[in-house]
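Engineer:
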């Protein structure tokens, strides 16, 4: 009887068998500490060089396509118009041209940056999962084979919003016709405004969500075994609207890490530029070379910011995937290594 009573007595709480049973490291309690591992990406010369080359190729074409950046010259041209009616029509044409040029610039950005963005997101996700970065050739082949899915995931929200814009335009045109026919009355405008407001809500959900969901979908496409554009895009929208607090917290942490990394790279470039300027001033006296070096070195912190920010997108994807679905951060798809079979031995003659 006494032994039975002793067996029923509470022996105390066991932290090892309770809530801390699966805790072995600090990252098990604070998953966001895994973001610190991604700092290696900001110091990778290959990744920074890739971002540098992409930046040099992207920016001139982007500024050439986006005609809104030369609006000052166009305003001078419009000031020479004598008739006010011509100015109004020219301003309307200018707005249409600006919209088309901005769309072209956006498509050029998606086309050129999708490949390096997925490369950086893959490397950042691997570092977050506690693995080593892939080789340049392997990660380039992996991202290149999935570029089509990335383009589709970026275009789908644009097409959906464009369809809703057409619907809004049709309703607005019909509403204007009714107002002109019946009269500009509150009883006529209110039902039309309510209908437009109902369509504006899903339009806003799609348009605003695309800012976050498209980058996260690119991270999903390059880090999952079976990439799918619609599934990856739906994950991005889900993480934004179902885990907004987690997303905001990770965004703040990533912004701090990005500032630290870019500041360190800027300090290195600033110190190196100072050495070059002093050396050229006292030895050769050529200041033009120092100016050229200044232009090149000023792009390195910008390239680092591009590369590291996309790497942090891959890290955020793994953390949000764990928060939303419970899939472990370390559970990341790894491409199987290619096994090179040995060549058969030739028979010996004689």
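Residue numbers (my numbering): 7 to 356. Glycine residues also receive a C-beta, built at the ideal position from the N, C-alpha and C atoms.
(1) Give every residue of the same chain whose Cβ lies closer than 8 Å to the Cβ of residue 150, excluding the five residues on either side of it in the sequence, and list them in chain order.
(2) Can you list, in chain order, the residues of its chain whose CB lies under 8 Å from that of residue 1, leaving out five sequence neighbours each side?
(3) With a threshold of 16 other CB atoms inside 10 Å of the CB of residue 287, please say whether the residue is buried or exposed.
(4) For the putative contact between residue 63 and residue 132, defined by C-beta atoms under 8 Å, what is the C-beta separation to the nearest angstrom?
(5) Indicate whether residue 233 and residue 152 have their beta-carbon atoms separated by less than 9 Å.
(6) With a CB to CB cut of under 7 Å and the five nearest residues on each side skipped, what residues in its chain are close to residue 71?
(7) Just the Cα atoms here: how many angstroms apart are residue 181 and residue 198?
(8) Compute the beta-carbon to beta-carbon distance between residue 217 and residue 159, rounded to the nearest angstrom, for a pair I have assumed lies under 8 Å.
(9) Could you tell me which of 265, 47 and 177 sits nearest to residue 1, measuring between CA atoms?
(10) Let me know the secondary structure DSSP gives residue 340 once reduced to three states.
(11) Check whether the stretch 306 to 320 and the stretch 49 to 62 are in contact - that is, three or more C-beta pairs closer than 8 Å.
(12) Helix, strand or coil: how does DSSP classify residue 135 here?
(13) Could you check which residue in 214, 43, 284 and 318 has the C-alpha nearest to that of residue 258?
(14) Could you pull out every residue in the same chain whose Cβ sits closer than 6 Å to the Cβ of residue 434, ignoring the five residues on either side in sequence?
(15) Would you tell me roughly how many angstroms separate the C-alpha atoms of residue 341 and residue 205, rounded to the nearest one?
(16) Which same chain residues end up closer than 6 Å to residue 306 when comparing Cβ atoms and leaving out the 5 residues on each side of it in sequence?
(17) Using a threshold of 9 Å, state whether the C-beta atoms of residue 279 and residue 294 are closer than that.
(18) Over what stretch of residues does the alpha helix (DSSP H) that includes residue 70 continue unbroken?
(19) Determine the extent of the alpha helix (DSSP H) in which residue 361 is found, giving its start and end residues.
(20) To which residues of the same chain is residue 243 closer than 7 Å at the C-beta, ignoring the five residues directly before and after it?
(21) Confirm, please, whether the CB-CB distance from residue 326 to residue 245 is below 9 Å.
(22) Determine the contact status of residue 240 and residue 156, defining contact as a CB-CB distance below 9 Å.
(23) Note down, in chain order, each residue of its chain lying with its Cβ closer than 6 Å to the Cβ of residue 322, except the 5 sequence neighbours on either side.
(24) Less than 9 Å between the beta carbons of residue 229 and residue 338, yes or no?
(25) Can you tell me the Cα-Cα spacing of residue 281 and residue 65, whole angstroms?
(26) Are residue 127 and residue 225 touching if we call contact CB-CB under 9 Å?
(27) Helix, strand or coil: how does DSSP classify residue 186 here?
(28) Near residue 252, what residues of its chain come up, given a Cβ to Cβ distance below 7 Å and the 5 sequence neighbours on each side ignored?
Structural biologist: Taking the definition as stated:
(1) By 1-based counting over the chain shown, the position of residue 150 is 144. Counting only Cβ-Cβ distances below 8 Å, and skipping sequence neighbours, we find 121.
(2) Only positions 7 to 356 of the chain appear in this structure, which leaves residue 1 out of reach.
(3) Mapped onto the chain shown, residue 287 falls at position 281. Looking at its Cβ environment, which holds fewer than 16 other Cβ atoms inside 10 Å, residue 287 is exposed.
(4) Along the chain shown, read from residue 1 onward, the residue named residue 63 stands at position 57. Along the chain shown, read from residue 1 onward, the residue named residue 132 stands at position 126. Separation of the CB atoms of residue 63 and residue 132 is rounded to 26 Å, and the pair is thereby denied contact status at 8 Å.
(5) Residue mapping note: residue 233 aligns to position 227 of the chain shown, counting from 1. Residue mapping note: residue 152 aligns to position 146 of the chain shown, counting from 1. Yes, the Cβ-Cβ distance between residue 233 and residue 152 is below 9 Å.
(6) Taking the first residue of the chain shown as 1, we reach residue 71 at position 65. Around residue 71: 107, 110, 111 and 114.
(7) As a first step, residue 181 must be located in the chain shown, where it is residue number 175. As a first step, residue 198 must be located in the chain shown, where it is residue number 192. Going from the Cα of residue 181 to the Cα of residue 198 covers about 6 Å.
(8) Start at 1 with the first residue of the chain shown, and residue 217 comes out as number 211. Start at 1 with the first residue of the chain shown, and residue 159 comes out as number 153. Not quite, the Cβ-Cβ distance comes to about 13 Å (not below 8 Å), so this is no contact.
(9) A question about residue 1 goes unanswered here, because the residues of the chain that appear run from 7 up to 356.
(10) Taking the chain shown and counting its residues from 1, the one referred to as residue 340 is at position 334. Reduced to three states, the DSSP call for residue 340 is coil.
(11) yes
(12) Reading the chain shown from its first residue, position 129 is the one you call residue 135. Residue state, collapsed to three classes: coil.
(13) The count along the chain shown starts at 1 and reaches residue 258 at position 252. The residue with the shortest Cα to Cα distance from residue 258 is 318.
(14) The structure shown has nothing for residue 434, since the chain only spans 7 to 356.
(15) By one-based count along the chain shown, residue 341 stands at place 335. By one-based count along the chain shown, residue 205 stands at place 199. Each residue's Cα considered, the two are about 43 Å apart.
(16) Taking the first residue of the chain shown as position 1, residue 306 is located at position 300. Once the five neighbours on either side are set aside, the close Cβ partners of residue 306 are 275.
(17) Taking the chain shown and counting its residues from 1, the one referred to as residue 279 is at position 273. Taking the chain shown and counting its residues from 1, the one referred to as residue 294 is at position 288. Taking 9 Å as the Cβ cut-off, residue 279 and residue 294 do not qualify as a contacting pair.
(18) As a position in the chain shown, residue 70 is number 64, starting the count at 1. Counting along the chain, the alpha helix (DSSP H) containing residue 70 begins and ends at 51 to 71.
(19) No answer is possible for residue 361: the residues shown for the chain start at 7 and end at 356.
(20) Position 237 of the chain shown, counting from 1, holds the residue named residue 243. Correct list, in chain order: 215 and 219.
(21) Translated into positions along the chain shown, residue 245 becomes position 239. Translated into positions along the chain shown, residue 326 becomes position 320. Against a cut-off of 9 Å, the Cβ pair of residue 326 and residue 245 comes out as a contact.
(22) For this step, residue 240 is matched to residue 234 along the chain shown. For this step, residue 156 is matched to residue 150 along the chain shown. The Cβ atoms of residue 240 and residue 156 lie no closer than 9 Å to each other.
(23) As a working note, residue 322 is residue 316 in the chain shown. Correct list, in chain order: 256.
(24) Position 223 of the chain shown holds residue 229. Position 332 of the chain shown holds residue 338. For residue 229 and residue 338, yes; Cβs fall inside 9 Å.
(25) Working through the chain shown from its first residue, we reach residue 281 at position 275. Working through the chain shown from its first residue, we reach residue 65 at position 59. Each residue's alpha carbon lies about 29 Å from the other.
(26) On the chain shown, residue 127 is found 121 positions in, with the first residue counted as 1. On the chain shown, residue 225 is found 219 positions in, with the first residue counted as 1. Against a cut-off of 9 Å, the Cβ pair of residue 225 and residue 127 comes out as a contact.
(27) In the chain shown, counting from the first residue as 1, residue 186 sits at position 180. Three-state DSSP puts residue 186 in a helix.
(28) By 1-based counting over the chain shown, the position of residue 252 is 246. Hits under 7 Å: 326 and 329.
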